[in-house]
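A.B. asks: Provided herewith is a single structure, encoded as structure tokens, for subsequent inquiry.
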Amino acid sequence: MSPDDQSNHWNVLMLEDNEDDALLIINHLETHGCDISWTRIETEPDLRKHLANDEWDVVLSDYSMPLFDGVSALRVVRELDPDMPFVFVSGTLGEKAAVAAIKGGAQDYVVKHDLNRLAPVVERAIAEQALQKRHRLAQDVLRKLSQAVEQAADSIFITNRQGEFEYVNPAFEKMTGYRAEAVAGRTPSVLKATQQNPAAYSELWETVLGKQTYRGTLVNRKHDGATFYEEKVITPLVNQAGQITHFVSTGRDISDRVKADEDRARLNAILEATTDIVAIADATGAVIYVNKAGHSLLAEIKPDSSATQAAGELIGNALGQAEKHGVWERESVLSGGDGQTIYLHQVIMSHRDQNGNIAYFSTIARNISERKQFEAELQHQATHDVLTGLANRVLLAEQLQTEMNRSQRRNSVTAVVFLDMDNFKRVNDSLGHGIGDQLLQQVSVRLGRHIRPNDILARYGGDEFVIVASDLENADAITAILDKLNRAFEHPVHVARQDIFVSFSAGIAVYPDDGGDADTLLRNADSAMYQSKADGGRAFRFYAPAMNERQQRLLAMESELHRALARNEFVVYYQPQAELASGQVTGAEALIRWRHPQRGLVPPDEFIPLLEETGLINEVGLWVLRRACLDMTTYTQTHGLCPRVSVNLSARQFASGELVQQVAQVLEETGFPPDRLELEITEQILISDLQASKAILGALHDMGVSVAIDDFGTGYCSLAYLKRLPLHVLKIDRTFVAGLPADHNDLAIVEAIILLAHKLDLQVVAEGVETLGQLETLRSLGCDMVQGYYLGKPAPLQALAETGALAH
Ligand code: C2E
Ligand code: CA
Ligand code: CA
Numbered sequence: 113m114s115p116d117d118q119s120n121h122w123n124v125l126m127l128e129d130n131e132d133d134a135l136l137i138i139n140h141l142e143t144h145g146c147d148i149s150w151t152r153i154e155t156e157p158d159l160r161k162h163l164a165n166d167e168w169d170v171v172l173s174d175y176s177m178p179l180f181d182g183v184s185a186l187r188v189v190r191e192l193d194p195d196m197p198f199v200f201v202s203g204t205l206g207e208k209a210a211v212a213a214i215k216g217g218a219q220d221y222v223v224k225h226d227l228n229r230l231a232p233v234v235e236r237a238i239a240e241q242a243l244q245k246r247h248r249l250a251q252d253v254l255r256k257l258s259q260a261v262e263q264a265a266d267s268i269f270i271t272n273r274q275g276e277f278e279y280v281n282p283a284f285e286k287m288t289g290y291r292a293e294a295v296a297g298r299t300p301s302v303l304k305a306t307q308q309n310p311a312a313y314s315e316l317w318e319t320v321l322g323k324q325t326y327r328g329t330l331v332n333r334k335h336d337g338a339t340f341y342e343e344k345v346i347t348p349l350v351n352q353a354g355q356i357t358h359f360v361s362t363g364r365d366i367s368d369r370v371k372a373d374e375d376r377a378r379l380n381a382i383l384e385a386t387t388d389i390v391a392i393a394d395a396t397g398a399v400i401y402v403n404k405a406g407h408s409l410l411a412e413i414k415p416d417s418s419a420t421q422a423a424g425e426l427i428g429n430a431l432g433q434a435e436k437h438g439v440w441e442r443e444s445v446l447s448g449g450d451g452q453t454i455y456l457h458q459v460i461m462s463h464r465d466q467n468g469n470i471a472y473f474s475t476i477a478r479n480i481s482e483r484k485q486f487e488a489e490l491q492h493q494a495t496h497d498v499l500t501g502l503a504n505r506v507l508l509a510e511q512l513q514t515e516m517n518r519s520q521r522r523n524s525v526t527a528v529v530f531l532d533m534d535n536f537k538r539v540n541d542s543l544g545h546g547i548g549d550q551l552l553q554q555v556s557v558r559l560g561r562h563i564r565p566n567d568i569l570a571r572y573g574g575d576e577f578v579i580v581a582s583d584l585e586n587a588d589a590i591t592a593i594l595d596k597l598n599r600a601f602e603h604p605v606h607v608a609r610q611d612i613f614v615s616f617s618a619g620i621a622v623y624p625d626d627g628g629d630a631d632t633l634l635r636n637a638d639s640a641m642y643q644s645k646a647d648g649g650r651a652f653r654f655y656a657p658a659m660n661e662r663q664q665r666l667l668a669m670e671s672e673l674h675r676a677l678a679r680n681e682f683v684v685y686y687q688p689q690a691e692l693a694s695g696q697v698t699g700a701e702a703l704i705r706w707r708h709p710q711r712g713l714v715p716p717d718e719f720i721p722l723l724e725e726t727g728l729i730n731e732v733g734l735w736v737l738r739r740a741c742l743d744m745t746t747y748t749q750t751h752g753l754c755p756r757v758s759v760n761l762s763a764r765q766f767a768s769g770e771l772v773q774q775v776a777q778v779l780e781e782t783g784f785p786p787d788r789l790e791l792e793i794t795e796q797i798l799i800s801d802l803q804a805s806k807a808i809l810g811a812l813h814d815m816g817v818s819v820a821i822d823d824f825g826t827g828y829c830s831l832a833y834l835k836r837l838p839l840h841v842l843k844i845d846r847t848f849v850a851g852l853p854a855d856h857n858d859l860a861i862v863e864a865i866i867l868l869a870h871k872l873d874l875q876v877v878a879e880g881v882e883t884l885g886q887l888e889t890l891r892s893l894g895c896d897m898v899q900g901y902y903l904g905k906p907a908p909l910q911a912l913a914e915t916g917a918l919a920h
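Numbering of the sequence shown is given in the numbering used here, commencing with residue 113 and proceeding in unit increments.
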């Protein structure tokens with residue numbers, strides 16, 4: 113700065129008690145080309161105030177003043193602003209004071225009576241102080257910088273162009289274990305670790321020599337030999353000439369981070385490699401991670417939904433439990449749309465943050481389908497017979513107990529049938545075990561085919577089988593099942609090109625009568641089987657003796673009945689019916705008989721109930737109907753007139769739903785005139801379902817077939833019912849006829865029946881007429897027709913023609 117510089121404007125703070133002196137000084141400066149603004153003060157408070165409040169270029173101070181002194185003023189100025197230019201302008205200053213002034217920090221001094229030096233002195237003082245200020249500030253920055261470098265957490269060092277250490281900070285020492293003195297003059301290659309790929313160094317040098325900043329991670333070695341990962345930044349320092357003078361390296365030990373990364377990568381690799389499903393859901397249950405196995409397994413099972421969705425399903429319904437227990441284990445099932453199912457063993461965990469709030473959920477699920485299947489197979493093996501695949505005695509006992517419990521609740525009967533093959537030992541001994549095994553397999557299959565769907569079939573051991581039939585209404589019902597089995601083995605079993613006839617000895621025990629637990633029932637069935645075997649086999653025995661007799665008889669007859677139709681053992685007898693008015697035989701009742709090869713002619717009362725029970729009645733009843741029509745057609749052809757024929761119907765036939773169609777078909781087949789056919793139905797059958805009866809009777813009526821009420825008077829039928837039905841004939845039960853004419857009660861009843869029947873337009877037939885007295889009484893009561901031994905017993909067709917007219 114020169115005094116004639118236009119910008120040479122100084123703001124001067126003047127400490128001067130004498131105003132004239134002050135003006136003199138300012139004037140002097142102005143005359144020397146300085147542009148001055150100034151303020152004169154003379155006390156310490158003013159000095160402090162002005163220094164604090166305004167910007168000054170220089171302080172000019174008198175040395176001695178009445179209110180203040182120059183040395184104190186200098187101290188105050190230095191205290192408040194060490195860089196403020198300060199020049200003493202005073203009267204004569206002794207040598208000593210002058211030295212003290214300069215030592216105290218004044219830039220210079222000028223004596224008032226020789227102001228010639230003032231302008232250049234002030235100018236120099238200002239310039240000096242500005243320089244000093246810059247210097248001081250730079251020092252300041254440098255100090256702070258070096259402090260920062262010294263205290264930095266990162267390792268910092270500086271090398272020269274040759275790469276020799278010039279400076280290392282304490283963090284470097286700490287990080288590497290090398291003291292500053294130890295590396296002085298050496299290069300960073302002391303840190304080189306053998307693990308480091310040398311390519312990184314080439315890259316490093318290429319970068320920094322190209323005056324670029326290098327950033328990278330190096331594996332380095334500490335003084336003690338331990339390696340560490342250092343994240344480095346190396347900056348070349350370039351001088352004004354563009355030459356690299358130094359390198360500054362900062363580094364940070366990131367071994368922990370690298371290790372954490374490695375750990376995480378390892379864990380991740382494991383998660384991705386495991387065959388277990390691993391999924392993570394956030395605190396709301398939204399899935400945020402599914403591992404590879406999860407993706408592939410879930411995609412396989414649920415191709416239509418995403419793995420995330422499927423995993424959500426897997427976690428979703430367990431959140432509550434996981435939250436409650438922390439760790440929640442269960443087995444779960446995932447089923448896909450195509451029926452594929454996988455079983456999972458699943459652990460669901462809730463993870464909490466420091467505050468104890470749920471942070472996230474995780475689940476690890478293992479596909480245990482194979483194990484499940486294996487377990488199921490084991491379970492099957494443990495409970496099933498290997499040869500036949502049937503339940504073994506372990507499972508049998510369990511299932512039997514279940515059935516017994518059910519029986520108890522339902523109040524029904526459960527039967528245990530113990531079957532033992534009669535001839536198995538012989539087969540085994542003569543044909544070998546291999547064929548014996550095949551036979552057992554075939555037998556088990558055939559048995560299985562002939563039991564009811566819910567019955568249990570088990571192989572008890574050797575050639576012993578057990579059938580458990582439950583939900584039976586009573587013990588009699590078991591005979592139907594046994595009969596079916598018997599018939600199933602009427603045909604031989606074909607094994608190894610041989611026909612082997614199989615029969616069983618069977619023992620039956622019934623719950624609840626024959627035992628309250630599975631063991632007892634099985635034991636009793638077994639002992640009944642032994643009885644049957646002792647009696648020669650090929651038969652069954654009940655554990656309870658009373659059942660045996662009854663069932664034995666019924667069963668024997670039943671199986672014979674099955675064959676009776678095919679063997680043509682049934683015959684139809686006819687019993688004549690005569691008109692009382694004319695005395696002529698005008699009709700006959702068809703009555704079935706069973707011509708049994710040993711027992712001779714069996715009356716219907718002994719086998720009709722059994723036919724009904726077994727359902728055979730439908731077939732046999734149809735046969736009677738056809739036979740009667742055919743017989744009467746024959747009769748018509750030989751005798752020229754066609755009598756009315758009455759055929760009895762059982763309840764089952766009536767309810768079968770096929771009656772009308774069957775009657776129509778038989779009439780059609782035989783050509784028998786419908787108006788000559790009469791069907792006999794008891795009143796119980798009619799009223800059991802009045803609506804259905806009405807429809808059937810209507811259809812028969814339309815066909816021209818007439819219907820008779822059989823055994824009238826024995827039921828509870830009121831004539832009012834009959835009024836509504838299309839009926840034609842009423843047969844008075846023979847128990848009423850028997851009392852005629854002596855029994856007044858019977859007489860009154862028969863009389864009433866006839867009267868009412870006639871009111872309803874019904875013809876009346878009296879059954880069981882055995883005497884002339886009965887006949888006469890009936891005639892006098894207005895009865896239309898009679899039937900009974902008096903006129904003729906039921907007899908074969910030929911006999912009908914020989915029946916004469918009634919005498920009048
Ligand atoms: P029902 O329909 O009441 O048949 C009349 C029964 O009385 C016949 O017995 C007959 O032999 C007997 N009877 C006839 N006149 C006299 C008599 O003067 N005195 C005595 N004491 N009895 C006489 P039967 O033939 O033994 O038939 C018994 C029952 O078997 C029949 O009673 C009928 O309910 C049933 N029945 C016979 N044949 C068939 C048939 O083809 N189908 C059906 N569903 N039931 C039949
Ligand atoms: Ca009858
Ligand atoms: Ca009757």
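The beta carbon of each residue, even a glycine, is placed where N, CA and C say it ideally should be.
Let me check you understand the geometry: is the CB of Glu781 closer than 7 Å to at least one non-hydrogen atom of ligand 2?
C.D. replies: The sequence position of residue 781 within the sequence shown is 669, counting from 1. For ligand 2, not one heavy atom lies less than 7 Å from the Cβ of Glu781.
A.B. asks: Relative to ligand 1, is the shortest distance from any of its heavy atoms to the C-beta of Tyr901 smaller than 7 Å?
C.D. replies: Translated into positions along the sequence shown, residue 901 becomes position 789. The answer is yes for Tyr901.
A.B. asks: To the nearest whole angstrom, what separates the beta carbons of Asp858 and Leu867, a pair I think is in contact under 8 Å?
C.D. replies: The residue labelled residue 858 in the question sits at position 746 within the sequence shown. The residue labelled residue 867 in the question sits at position 755 within the sequence shown. With 8 Å as the limit, Asp858 and Leu867 do not qualify as a contact, their Cβ atoms being about 15 Å apart.
A.B. asks: According to the neighbour-count rule (16 or more other Cβ atoms, all chains shown, within 10 Å of its Cβ), is Ala213 buried or exposed?
C.D. replies: Within the sequence shown, residue 213 is the residue found at index 101, counting from 1. Its Cβ being crowded by 16 or more others within 10 Å, Ala213 is buried.
A.B. asks: When you compare the stretch 503 to 514 with the stretch 434 to 454, are there three or more beta-carbon pairs, one atom per stretch, that lie closer than 8 Å?
C.D. replies: The stretch 503 to 514, when compared against the stretch 434 to 454, does not touch it at the 8 Å Cβ threshold.
A.B. asks: Roughly how many angstroms lie between the CA atoms of Met669 and Glu681, to the nearest whole one?
C.D. replies: Within the sequence shown, the letter at position 557 stands for residue 669. Within the sequence shown, the letter at position 569 stands for residue 681. Cα-Cα distance, rounded: 13 Å.
A.B. asks: The alpha helix (DSSP H) that contains Lys215, what's its start and end?
C.D. replies: Taking the first residue of the sequence shown as position 1, residue 215 is located at position 103. Glu207 to Lys215 is the span of the alpha helix (DSSP H), which, as asked, contains Lys215.
A.B. asks: Please classify Arg571: is it buried, with 16 or more other beta-carbons within 10 angstroms of its beta-carbon, or exposed?
C.D. replies: Stepping through the sequence shown from its first residue, residue 571 is reached at position 459. So Arg571 counts as buried.
A.B. asks: In whole angstroms, what separates the C-alpha of Asp117 from that of Leu230?
C.D. replies: Numbered from 1 along the sequence shown, position 5 holds the residue referred to as residue 117. Numbered from 1 along the sequence shown, position 118 holds the residue referred to as residue 230. Reliability of the predicted coordinates at Asp117 is poor, the pLDDT of 47 falling under 50, and the value obtained from them is presented with this limitation in mind. Roughly 16 Å between the two C-alpha positions.
A.B. asks: Do Val778 and Leu728 have their C-beta atoms closer together than 8 Å?
C.D. replies: Position 666 of the sequence shown, counting from 1, holds the residue named residue 778. Position 616 of the sequence shown, counting from 1, holds the residue named residue 728. No, the pair does not count as a contact, with Cβ atoms beyond the cut-off.
A.B. asks: By the DSSP assignment, the beta strand (DSSP E) with Phe616 in it spans what residues?
C.D. replies: Taking the first residue of the sequence shown as 1, we reach residue 616 at position 504. Phe616 to Tyr623 is the span of the beta strand (DSSP E), which, as asked, contains Phe616.
A.B. asks: In chain order, what residues place their C-beta within less than 6 Å of a heavy atom belonging to ligand 2?
C.D. replies: This selection yields Glu701, Asn760, Glu792 and Asp822.
A.B. asks: Quick check on DSSP: helix, strand or coil for Trp168?
C.D. replies: The count along the sequence shown starts at 1 and reaches residue 168 at position 56. In this structure, Trp168 counts as coil in the three-state DSSP scheme.
A.B. asks: Look up Tyr472 in the DSSP assignment and give the residues it is bridged to.
C.D. replies: Here the question's residue 472 lines up with position 360 in the sequence shown. Asp394 and His463, per the DSSP bridge assignment.
A.B. asks: Pick helix, strand or coil for Asp193, following the three-state DSSP scheme.
C.D. replies: For the purposes of this step, residue 193 is taken as the residue at position 81 of the sequence shown. Asp193: coil per DSSP, three-state reduction.
A.B. asks: Looking at ligand 1, does it come within less than 7 Å of Asp721, judged from the CB to the closest heavy atom?
C.D. replies: Along the sequence shown, one-based indexing puts residue 721 at 609. The displayed chain sequence assigns Pro, not Asp, to residue 721. Pro721: no, Cβ never under 7 Å from ligand 1.
A.B. asks: Compute the minimum distance between the beta carbon of Arg738 and the heavy atoms of ligand 1, and state whether it is under 7 Å.
C.D. replies: Counting from one through the sequence shown, the residue named residue 738 turns up at place 626. No, since every heavy atom of ligand 1 falls outside the 7 Å radius drawn around the Cβ of Arg738.
A.B. asks: Between Glu780 and the rest of its own chain, which residues show a CB-CB distance below 6 Å, the 5 nearest in sequence each way excluded?
C.D. replies: The count along the sequence shown starts at 1 and reaches residue 780 at position 668. For Glu780, where only same-chain residues beyond five positions count, there are no Cβ hits under 6 Å.
A.B. asks: Taking only the alpha-carbon atoms, compute the straight-line gap between His674 and Asn636 and give it to the nearest angstrom.
C.D. replies: The residue given as residue 674 occupies position 562 in the sequence shown. The residue given as residue 636 occupies position 524 in the sequence shown. C-alpha separation (whole angstroms): 30 Å.
A.B. asks: For Ile356, tell me which candidate among Gly363, Asp365 and Ile346 has the shortest Cα-Cα distance.
C.D. replies: Residue 356 sits at position 244 when you count from the first residue of the sequence shown. Nearest of Gly363, Asp365 and Ile346 to Ile356, Cα basis: Ile346.
A.B. asks: Can the beta-carbon of Glu342 be found closer than 8 Å to that of Asp365?
C.D. replies: Along the sequence shown, read from residue 1 onward, the residue named residue 342 stands at position 230. Along the sequence shown, read from residue 1 onward, the residue named residue 365 stands at position 253. Yes, the Cβ-Cβ distance between Glu342 and Asp365 is below 8 Å.
A.B. asks: Does DSSP put Arg369 in a helix, in a strand, or in coil?
C.D. replies: As a position in the sequence shown, residue 369 is number 257, starting the count at 1. Helix.
A.B. asks: Can you check whether the CB of Val199 is closer than 8 Å to the CB of Val223?
C.D. replies: Here residue 223 is taken as the residue at index 111 of the sequence shown, counted from 1. Here residue 199 is taken as the residue at index 87 of the sequence shown, counted from 1. Going by C-beta atoms, Val223 is not nearer than 8 Å to Val199.
A.B. asks: Which class does Ile612 belong to by DSSP, given the choice of helix, strand or coil?
C.D. replies: As a position in the sequence shown, residue 612 is number 500, starting the count at 1. In this structure, Ile612 counts as strand in the three-state DSSP scheme.
A.B. asks: Please look up how many angstroms separate the CB atoms of Asp822 and Glu790, rounded, as I've assumed it's under 8 Å.
C.D. replies: Within the sequence shown, residue 822 is the residue found at index 710, counting from 1. Within the sequence shown, residue 790 is the residue found at index 678, counting from 1. At roughly 10 Å, the Cβ-Cβ gap does not stay under 8 Å, so Asp822 and Glu790 are not in contact.
A.B. asks: With a threshold of 7 Å (Cβ to nearest heavy atom), would Arg846 be considered close to ligand 1?
C.D. replies: The count along the sequence shown starts at 1 and reaches residue 846 at position 734. Yes, the Cβ of Arg846 comes within 7 Å of a heavy atom of ligand 1.
A.B. asks: Mapping DSSP to helix, strand and coil, what is Asn566?
C.D. replies: As a working mapping, residue 566 is identified with position 454 in the sequence shown. In this structure, Asn566 counts as coil in the three-state DSSP scheme.
A.B. asks: With 16 other CB atoms within 10 Å as the buried threshold, where does Asp174 fall?
C.D. replies: On the sequence shown, residue 174 is found 62 positions in, with the first residue counted as 1. With 16 or more other Cβ atoms within 10 Å, it is buried.
A.B. asks: Alpha carbons only, please: which of Thr632, Tyr655, Gly628 and Arg650 is nearest the one belonging to Ala640?
C.D. replies: Here residue 640 is taken as the residue at index 528 of the sequence shown, counted from 1. Per the Cα distances, Tyr655.
A.B. asks: Compare the Cα-Cα distances from Pro197 to each of Gly203, Thr204, Glu167 and Asp181 and report the closest residue.
C.D. replies: In the sequence shown, the residue the question calls residue 197 occupies position 85. Out of Gly203, Thr204, Glu167 and Asp181, Glu167 has the C-alpha closest to the C-alpha of Pro197.
A.B. asks: Cβ-heavy atom distance between Val528 and ligand 1 below 7 Å?
C.D. replies: Taking the sequence shown and counting its residues from 1, one reaches residue 528 at position 416. Answer for Val528: no, Cβ out of range of ligand 1.
A.B. asks: By alpha-carbon positions, which one of Thr387, Ile413 and Gly397 ends up nearest to Ala405?
C.D. replies: The sequence position of residue 405 within the sequence shown is 293, counting from 1. Per the Cα distances, Thr387.
A.B. asks: Are Leu634 and Ile579 closer than 8 Å when you measure CB to CB?
C.D. replies: One-based indexing of the sequence shown puts residue 634 at position 522. One-based indexing of the sequence shown puts residue 579 at position 467. It is not a contact, given that the beta carbons lie outside the stated cut-off.
A.B. asks: So what's Trp122 in DSSP terms, helix, strand or just coil?
C.D. replies: Stepping through the sequence shown from its first residue, residue 122 is reached at position 10. If DSSP states are grouped into helix, strand and coil, Trp122 belongs with the strands.
A.B. asks: Could you say which of Ala338, Ala311 and Glu315 lies nearest to Val302 if we only look at CA atoms?
C.D. replies: Taking the first residue of the sequence shown as position 1, residue 302 is located at position 190. Nearest C-alpha to Val302: Ala338.
A.B. asks: Please state the DSSP three-state secondary structure of Ala237.
C.D. replies: For the purposes of this step, residue 237 is identified with residue 125 of the sequence shown, where counting begins at 1. Looking at Ala237 - three-state DSSP - the assignment turns out to be helix.
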